[in-house]
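Numbering (our numbering), first residue to last: 278 to 761. Built from N, CA and C at the ideal position, the CB exists for glycine as well. All of these numbers come straight from a predicted model, not from anything done at the bench.
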C-alpha cells in the first residue's frame with residue numbers, strides 16, 4: 278500500500294459509534310473468531326494472565342518503535358534533526374493522551390476485546406507503511422504516529438478496565454503489580470531487540486560481504502554488498518510483535534461484558550480538563566509537582582538513544598544492553614519497593630524517591646562513563662518505583678472520596694501534559710541550544726542541555742515535596758498543603 282492511500286479518515290461509520298479502522302479490524306477478525314476457544318465463564322486468573330501477556334508483548338513493540346526504531350531511522354536514514362525527531366514522536370504522545378477517555382468510554386459500549394484487538398492491528402499497518410515514506414514526506418510520519426497513538430489509546434484503557442471487570446477489589450492492587458511487571462519487562466527488552474535486529478541485518482548485508490570481498494576475488498565477484506537500509510529491520514520486528522499481540526488477544530482474551538459496578542479510579546482516563554480544574558482547587562501543589570516531574574522526563578525520553586550513540590559511541594545492541602540492566606532492576610524492585618510508603622510514610626517515600634531521581638540524573642551529566650550511565654539509570658528507576666506508588670496514594674487520600682476518580686484522572690492529565698510539552702522542547706535543546714556547560718567534558722554541550730534541564734526540574738519537584746507537603750506521621754495521615 279502506498280503512502281498516498283494512507284487511511285486518514287477516522288469519522289465514525291454511519292449508525293455506529295466506532296471509528297472506521299476499528300470497524301474494519303472487527304470485520305477482519307470475525308471469521309478468525311470461530312477458531313478461538315470459547316470462554317463462557319472466564320476465570321479471573323486466566324484473564325489476568327492473558328491481559329498481562331498482551332501488555333508485555335504490546336509494550337515490547339511500543340518500546341522497539343518509540344525508543345529504538347523511530348528515532349534512529351529518522352535521524353540516520355531520513356537525515357532529520359533531533360528537533361524534528363522529537364516533534365514527530367510528540368504526535369504519538371498527544372494523540373494517545375487526548376483520546377484515551379474516548380476509547381475508554383467506547384470500550385464500555387462495544388466491548389473491550391474489540392479495542393484490544395484493534396489497537397495492535399493499527400500499528401501493524403503503520404509500522405510497515407513507515408518504510409514507504411520518503412524523506413520529504415514528514416507529514417506522513419506525523420500521520421502514522423497519530424494512528425499509532427490511536428492504537429495505543431484503544432489498547433491500554435480497555436486492558437486495564439478488563440482487569441477491573443474480573444478481579445475483585447481486594448486483589449486488584451496485586452493484579453496491577455503483575456500487569457506493571459510485564460509492562461516493564463517489555464520496556465527492558467525493547468531497545469535490545471530493536472537494536473539487535475538492525476545490527477544483525479547490517480552484519481549480513483554489509484559487513485560480511487565487504488569482509489569476504491577483501492579476502493577472495495571469487496567472493497568479490499559473486500557476493501556483493503546489498504543496498505538495503507539495515508535500520509528498516511526493526512520495523513518488521515515491530516509489525517510482527519503487534520501481530521503477535523493481536524493473535525494472543527484473539528486466542529486468550531475473553532469477550533466478556535463490561536462490569537460497570539467496579540470503581541474506575543485506577544484506570545487510564547485520558548485528558549479531562551474539568552477534572553483537572555477540580556483537582557487544582559484541592560491539591561494544587563501535588564499537581565504542580567506531577568507536571569514539573571514529567572516535563573523533565575519528557576525532555577529526555579525521545580532522545581536518550583541518540584544521546585547514548587553520540588556521546589558514548591555505542592552500537593544499537595550495546596545501547597539496548599546498557600538499558601536492559603536498569604530496566605530489569607526496576608521491574609524486579611517494583612513490587613517490594615512500591616510498598617515502602619506503607620513502612621516509612623507516604624510523604625517521606627515521595628521525598629526520598631524524587632531526591633534520588635534528581636541526584637542520579639545530575640550524576641549522569643557530571644560523570645561521562647558507561648558504568649555511571651547504568652548505575653545512574655538504575656537509581657533513577659528505583660527512585661520512581663519508591664516515589665510514585667506513595668505519590669498516588671498520597672493524592673488519593675488528600676481529596677474528597679466522592680471526587681477521587683476525577684482527581685486521579687487529573688493526575689494523568691498533568692503527567693501527559695508535562696511529557697507532551699517536554700518532548701519537543703528537549704529535542705530542540707538537544708539540536709540547537711548554545712548554552713556553555715563548563716562542567717561537562719564534551720564537544721557537543723548542547724547534547725547535555727536537556728538532561729541538565731531534567732535534573733533541575735526534578736530538583737524543583739523535590740524542593741516542592743519538602744516545602745509544600747505536610748508530613749503528619751503522628752496521626753498516620755499525609756495531607757497536601759498549598760505553599761504559604
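When secondary structure is reduced to three states using DSSP, residue 328 falls in the helix class. Every alpha helix (DSSP H) stretch that sits fully inside the segment 587 to 670 and reaches 4 residues is listed by chain position as 593 to 615, 617 to 621, 623 to 643. The shortest C-alpha to C-alpha distance from residue 670 to any of 698, 624, 696, 609 is the one to 624. Residue 571 has its alpha-carbon roughly 12 Å from the corresponding atom of residue 703. Excluding sequence positions up to five before and after residue 642, its CB lies within less than 7 Å of the CB of 717, 725, 728, 729, 732, all in the same chain and listed in chain order. Excluding the 5 residues flanking it on each side, residue 710 has same chain C-beta neighbours closer than 7 Å at 723, 726, in chain order. Under the three-pair Cβ rule at 8 Å, the segment 651 to 663 counts as touching the segment 595 to 614.
The straight-line gap separating the alpha-carbon atoms of residue 719 and residue 734 is approximately 23 Å. Taking each of 409, 658, 585, 430 in turn and checking the Cα distance to residue 693, the smallest one comes out for 430. Residue 404 and residue 664 have their alpha carbons spaced roughly 35 Å apart. A straight-line Cα-Cα distance of about 29 Å links residue 616 and residue 370.
Between residue 462 and residue 338, the gap from beta carbon to beta carbon reaches 7 Å or more. In this chain, the alpha helix (DSSP H) harbouring residue 570 covers 561 to 578. Distance between residue 438 and residue 389, taken at the CA atoms: about 8 Å.
Fewer than three pairs of CB atoms, one per stretch, sit closer than 8 Å, so the segment 351 to 366 makes no contact with the segment 468 to 482.
Cβ-Cβ distances below 7 Å link residue 568 to 691, 694, 695 in the same chain, with the five nearest sequence neighbours on each side left out; the list follows chain order. Residue range 389 to 407 is occupied by the alpha helix (DSSP H) that includes residue 390. 566 is the residue among 611, 618, 566, 592 whose C-alpha sits nearest the C-alpha of residue 739. Around the C-beta of residue 359, 16 or more other C-beta atoms lie within 10 Å, and the residue is accordingly described as buried. Beyond the five residues adjoining it in sequence on each side, residue 520 comes within less than 6 Å, by CB distance, of 401 in the same chain, given in chain order. Within the model, the alpha-carbon separation for residue 470 versus residue 347 is close to 14 Å. The beta carbons of residue 418 and residue 332 sit no closer together than 7 Å.
Rounded to the nearest whole angstrom, the CA to CA distance from residue 511 to residue 323 is 31 Å. If you draw a straight line from the Cα of residue 476 to the Cα of residue 595, it comes to about 10 Å. Residue 392 is a Cβ neighbour of residue 435, given a cutoff of 7 Å. Using a Cβ distance threshold of 7 Å, residue 598 and residue 626 do not count as a contacting pair.
A check of alpha carbon separations from residue 425 across 484, 381, 335, 533 identifies 335 as the nearest. Distance check between residue 396 and each of 708, 410, 373 places 373 closest, using alpha-carbon atoms only.
In this structure, residue 610 lies away from residue 459, with their beta-carbon atoms at least 7 Å apart. Between residue 394 and residue 473, the C-beta spacing is not below 7 Å.
Here the alpha carbon of residue 350 sits roughly 47 Å from the alpha carbon of residue 747. Taking the CA atoms as reference points, residue 590 sits about 38 Å from residue 688. Looking at the backbone, the Cα of residue 736 and that of residue 579 are separated by about 21 Å. Boundaries of the alpha helix (DSSP H) harbouring residue 522: 510 to 529, taken from the DSSP string.
A distance below 6 Å between beta-carbons, with the five flanking residues on each side excluded, links residue 573 to the following residues of its chain, in chain order: 731, 734, 735.
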